[in-house]
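Undergrad: Can you keep this structure in mind? I'll have questions shortly.
This is the structure in structure tokens:
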């Protein structure tokens, strides 16, 4: 299974080693302890009653002269057995109660859910004591009580996890295929909830250990002549003032074992998280020492931008200029680095990513040294619901911009918010400012985000897939709004999209990215006449348009884009390119100007001549 | 309320209406109404929609988000309880009977529709009828091969595959159940542009080869134009237009269809000049209807 290597990796950390060593010691003690020290622990020595701790008896002796240290070692087995037994009951009970609602009908399911909720709300210790009294005093009845007492909280967790898995598409698919309920649980639900449940169980086991020791300590658990750590603690209680060491023995055994259970849980959690948690890059890259060239023109100036994550470079030597008032579009597939390029310009690259650039300038600010200032740059993201605070009214969020950046008063800021909402085409802005984001539709929220950008005097609007989550009709409206806003405010626009058609509608210039590199840059007007890079051509050909011939198959690009971290030799597109030559596979093409305003990174770009040649065929 | 009368009328129509076509693999959705919630807070996601997918044909179902097109598709396969109406395959009411259905669904997101802990082969095998191990393995290999996946990957977990490959596996799983009707719910929306074309080609070829009827749900008009013989348009739970593909796209009768068509971006064609105010009015109505 794929979990094994991750577990092995987690075990190699100091935490993992400690957990492994500690649990091995505990289990060996449980197995061999009673065999080796059983006689010593039970030997009554009337000459040594109530002895203090010393070299002969590590923790002293009890009222019958038995060696406490030996009794602590021997008690390991019973304590562990009872803890594991109670944990087993908690897990089985929790799994059954947790999974049943998914199996039974709606009404029975609700009844079980309600019962579990009630039991969870009931104070845990009270519930256990109640059960312990019902089952009577005795070793296994106490274990039963504690196990059942821990079952409701396990059931609650299992219920929640099961509900989330039961709602997934793959369970839906299995249901359509007619897979039985029992098989769905065994094959689809249990394997996918196993990890969090295992983590929860290990911490529960620690709690059960302490709870059981507590019951024994109170005299409700293990009864003499049997003894566990709690019982030993109980027997030494009256001597604790005279000889604290006699109580330290069983007490520390409980604590150390409890911690070990917790450590096991930590290791499971680490193995669990190892899949996603990115590691920060440690080796500091030597950022280019060359100072920013003052000759560079344009509003936004990106020169040799690199964005690195642990192990791979996501954006590779990207050079891009956006002039004052210009609209530039970046297109590319997922993983092409188009969003990261935009985020780097705004100083928003997510945590482990490292940005370096020979020059990164916005206006007269060097973004390598300073963050972009105030409201001169506006961002619009794909999901406006995620970028608006659901708890605040829209007006408050807009007004905040003016209050923070322009020192405007509350009333003045709100007035400006109303006027900006009106400017982005929201009807009745005076009423709408008092609404919260969830009362707006997707397209309206995106208008609000644009209005927020307009609260200042933006010189550049960066829009990252602003219409991807929207319908076609609303998409056209938002694009029209971006265009109108631009003509009115004179702001430049950097539009990122996977849809070359969307970009071509709004922008003056298009930049095509592939595998973290710019492969082509051209004016929008040239898109229709023919692009120079085979990838751009393939990208256009792969999308059906309203004029595509229905009888011929769509053009496809064979293969797949390079994976993050994959080593690239030569042109990154060469393995998928029909025109690739040996040179393409060994030598990386440089982004070169082929005509004014047109750059392409290809050894053998498609020229208009070859277009005609192909058409002639 | 209205829904009650819908039940009556649908029952009456079912009794007196034309007999469902007897040809193999046709889907008929008859007066389907799907409601969420109860009492006052109930909302109607699909309102009295009747739609027919003749055997061997492709019907495209288009509409904006919240139009109820996906809900209709899910109702057809029994994932969403139907408040009123019937789902008929070859004239047989599917009702609520459990077990394998003759209608299968391919989901939008291939990253969510495959169990991450189940091997590729295991996922596809779930769709196969019970048989011995060797038969199952050879059938799994056959269906993977059919969708252009190397059968050698059948022992691997889904995370080893790319989005396009996963969508192929999901398609193989649906086809392995030998459906008479396939519902494809936005199958290319979560895929990258370069992969989308290949998956569309595959679906088109398989449909022509195997001859199943297909309800192809999408918001992308260019895609539906490419695949569908007939096109149905939904808006706010209501079927507003339905007809042959060319007719719906070239001479749309309903205003909403025209609005959809005018929104389709085309390379090199600038945005239609529309006043921002007028555009916002549309958005306003959209917001208030939610």
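Residue numbers (the numbering used here), protein chains in the order written: chain A, 1 to 617; chain B, 1001 to 1290.
Backbone N, C-alpha and C fix where the C-beta goes; we use that ideal spot for every residue, glycine too.
Every value quoted in this text rests on a predicted model; they were computed, and no experiment measured them.
Ordered along the chain, which non-local residues of its own chain (more than five positions away) have a Cβ less than 8 angstroms from that of residue 1147(B)?
TA: Here residue 1147(B) corresponds to residue number 147 of the second chain, with the count starting at 1. Once the five neighbours on either side are set aside, the close Cβ partners of residue 1147(B) are 1168, 1169, 1171, 1172, 1175, 1202, 1206.
Undergrad: Which residues in the same chain as residue 261(A) place their Cβ atom closer than 6 angstroms to its Cβ, once the five residues preceding and following it in sequence are excluded?
TA: Looking up residue 261(A) in the first chain gives position 261. The residues are 202, 205, 206.
Undergrad: Quick one: measure Cβ to Cβ for residue 1062(B) and residue 1219(B), integer angstroms, because I've assumed they're closer than 8 angstroms.
TA: Against the second chain, residue 1062(B) aligns to sequence position 62. Against the second chain, residue 1219(B) aligns to sequence position 219. Indeed they touch by this definition, with Cβ atoms about 6 angstroms apart.
Undergrad: For residue 550(A), which three-state DSSP category applies?
TA: Counted from its first residue, the first chain places residue 550(A) at position 550. Coil at residue 550(A), not helix or strand.
Undergrad: Taking the CB atoms as reference points, tell me whether residue 1228(B) and residue 1106(B) lie closer together than 8 angstroms.
TA: In the second chain, residue 1228(B) corresponds to position 228, counting from 1. In the second chain, residue 1106(B) corresponds to position 106, counting from 1. It is not a contact, given that the beta carbons lie outside the stated cut-off.
Undergrad: At the level of alpha carbons, what is the spacing between residue 1177(B) and residue 120(A)?
TA: Position 177 of the second chain holds residue 1177(B). Position 120 of the first chain holds residue 120(A). Taking the straight line joining both Cα atoms gives about 43 angstroms.
Undergrad: Use the C-beta contact count for residue 593(A): other C-beta atoms within 10 angstroms, 16 or more gives buried, fewer gives exposed.
TA: By one-based count along the first chain, residue 593(A) stands at place 593. Residue 593(A) comes out exposed.
Undergrad: Could I get the ranges of all uninterrupted beta strand (DSSP E) runs contained in the stretch 309-359 of chain A, with 3 residues as the minimum, in chain order?
TA: The qualifying runs are 312-322, 327-331, 354-356.
Undergrad: Nearest to residue 474(A) by CA position, among 1269(B), 1270(B), 1260(B), 1267(B), is which residue?
TA: Within the first chain, residue 474(A) is the residue found at index 474, counting from 1. When only C-alpha atoms are compared, the closest one is 1260(B).
Undergrad: Where does residue 1160(B) land, buried or exposed, given buried means 16+ other C-beta within 10 angstroms?
TA: Here residue 1160(B) corresponds to residue number 160 of the second chain, with the count starting at 1. Classification for residue 1160(B): exposed.
Undergrad: Using a Cβ-Cβ cut-off of 8 angstroms, state whether residue 571(A) counts as contacting chain B.
TA: Translated into the one-based positions of the first chain, residue 571(A) becomes position 571. So, not an interface residue.
Undergrad: Helix, strand or coil for residue 523(A) per DSSP?
TA: The sequence position of residue 523(A) within the first chain is 523, counting from 1. Residue 523(A): strand per DSSP, three-state reduction.
Undergrad: Just reading off the beta strand (DSSP E) that residue 1030(B) is part of, what are its end residues?
TA: For this step, residue 1030(B) is matched to residue 30 along the second chain. Per DSSP, residue 1030(B) belongs to the beta strand (DSSP E) from 1027-1036.
Undergrad: Looking at the C-beta of residue 1209(B), does it have a partner C-beta in chain A at a distance below 8 angstroms?
TA: The residue given as residue 1209(B) occupies position 209 in the second chain. Chain A contact via Cβ: absent.
Undergrad: Using a Cβ-Cβ cutoff of less than 6 angstroms, which residues in the same chain neighbour residue 1257(B) once the five nearest sequence positions on both sides are dropped?
TA: Against the second chain, residue 1257(B) aligns to sequence position 257. For residue 1257(B), where only same-chain residues beyond five positions count, the Cβ hits under 6 angstroms are 1233, 1241.
Undergrad: Residue ranges of each alpha helix (DSSP H) run of no fewer than 4 residues wholly in the stretch 168-245 of chain A, ordered along the chain?
TA: As far as the stretch 168-245 of chain A is concerned, its whole alpha helix (DSSP H) runs of at least 4 residues are 169-176, 190-218, 229-235.
Undergrad: Could you check if residue 1057(B) is buried or exposed, using at least 16 other CB atoms within 10 Å of its CB as the buried criterion?
TA: Residue mapping note: residue 1057(B) aligns to position 57 of the second chain, counting from 1. By the 10 Å Cβ count, residue 1057(B) comes out buried.
Undergrad: Give me the residue from 1179(B), 1044(B), 1068(B), 1090(B) with the minimum Cα distance to residue 1366(B).
TA: Summary: the structure shown does not reach residue 1366(B), with chain B confined to residues 1001 through 1290, and so no result is reported for it.
Undergrad: If we call anything under 8 angstroms between Cβ atoms a contact, is residue 154(A) one with residue 90(A)?
TA: If you number the first chain from 1, residue 154(A) lands on position 154. If you number the first chain from 1, residue 90(A) lands on position 90. The answer is yes: Cβ separation under 8 angstroms.
Undergrad: Per DSSP, which one or two residues make a beta bridge with residue 1051(B)?
TA: For the purposes of this step, residue 1051(B) is taken as the residue at position 51 of the second chain. Its beta-bridge partners are 1029(B).
Undergrad: By the three-class DSSP mapping on this structure, what secondary structure does residue 392(A) have?
TA: Within the first chain, the letter at position 392 stands for residue 392(A). Reduced to three states, the DSSP call for residue 392(A) is coil.
Undergrad: Assign residue 77(A) to one of two classes, buried (16 or more other C-beta atoms within 10 Å of its C-beta) or exposed (fewer than that).
TA: What you label residue 77(A) is simply residue 77 of the first chain in a count that begins at 1. By the 10 Å Cβ count, residue 77(A) comes out buried.
Undergrad: So that I know if they touch, is there some Cβ in chain A lying closer than 8 angstroms to that of residue 1271(B)?
TA: Taking the first residue of the second chain as position 1, residue 1271(B) is located at position 271. For residue 1271(B), the answer is yes, since a Cβ of chain A falls inside 8 angstroms of its Cβ.
Undergrad: For the alpha helix (DSSP H) that residue 130(A) lies in, which residues bound it at each end?
TA: Residue 130(A) sits at position 130 when you count from the first residue of the first chain. 124-135 is the extent of the alpha helix (DSSP H) around residue 130(A).
Undergrad: Just the C-alpha distance for residue 313(A) and residue 496(A), rounded to the nearest angstrom, thanks.
TA: In the first chain, residue 313(A) corresponds to position 313, counting from 1. In the first chain, residue 496(A) corresponds to position 496, counting from 1. Rounded to the nearest angstrom, the two C-alpha atoms are 20 angstroms apart.
Undergrad: Would residue 1142(B) and residue 1119(B) qualify as a contact pair, given that the criterion is a beta-carbon distance under 8 angstroms?
TA: By 1-based counting over the second chain, the position of residue 1142(B) is 142. By 1-based counting over the second chain, the position of residue 1119(B) is 119. It is not a contact, given that the beta carbons lie outside the stated cut-off.
Undergrad: Output yes or no for whether 8 angstroms exceeds the beta carbon distance between residue 516(A) and residue 316(A).
TA: Taking the first chain and counting its residues from 1, one reaches residue 516(A) at position 516. Taking the first chain and counting its residues from 1, one reaches residue 316(A) at position 316. Result yes, Cβ atoms of residue 516(A) and residue 316(A) sit closer than 8 angstroms.
Undergrad: Return yes when the Cβ of residue 65(A) is within less than 8 angstroms of the Cβ of residue 39(A), no when it is not.
TA: In the first chain, counting from the first residue as 1, residue 39(A) sits at position 39. In the first chain, counting from the first residue as 1, residue 65(A) sits at position 65. It is not a contact, given that the beta carbons lie outside the stated cut-off.
Undergrad: Counting only Cβ pairs nearer than 7 angstroms, list the residues of chain B close to residue 174(A).
TA: Here residue 174(A) refers to the residue found at position 174 when the first chain is read from its first residue. Chain B residues near residue 174(A): 1126.
Undergrad: Compare the C-beta of residue 216(A) against all C-beta atoms of chain B and say whether one is closer than 8 angstroms.
TA: Along the first chain, one-based indexing puts residue 216(A) at 216. False, the Cβ-Cβ gap to chain B never drops below 8 angstroms.
Undergrad: Could you pull out every residue in the same chain whose Cβ sits closer than 6 angstroms to the Cβ of residue 602(A), ignoring the five residues on either side in sequence?
TA: Numbered from its first residue, the first chain carries residue 602(A) at position 602. Closer than 6 angstroms at Cβ, skipping near neighbours: 533, 589.
Undergrad: In three-state terms, what does DSSP make of residue 1205(B)?
TA: Counting from one through the second chain, the residue named residue 1205(B) turns up at place 205. The answer is helix: DSSP assigns residue 1205(B) an H, G or I state.
Undergrad: For residue 460(A), list the residues DSSP reports as bridge partners.
TA: Working through the first chain from its first residue, we reach residue 460(A) at position 460. Per DSSP, 377(A), 492(A).
Undergrad: Keeping to the same chain, check which residues put their C-beta closer than 8 angstroms to that of residue 87(A); ignore five residues upstream and five downstream.
TA: For the purposes of this step, residue 87(A) is identified with residue 87 of the first chain, where counting begins at 1. So the list reads 147, 150, 201, 204, 205, 208, once near-sequence residues are dropped.
Undergrad: To the nearest angstrom, how far is it from the Cα of residue 479(A) to the Cα of residue 436(A)?
TA: For this step, residue 479(A) is matched to residue 479 along the first chain. For this step, residue 436(A) is matched to residue 436 along the first chain. So the two alpha carbons sit approximately 24 angstroms from each other.
Undergrad: So for residue 597(A), helix, strand or coil by DSSP?
TA: The residue labelled residue 597(A) in the question sits at position 597 within the first chain. Three-state DSSP puts residue 597(A) in coil, outside helix and strand.
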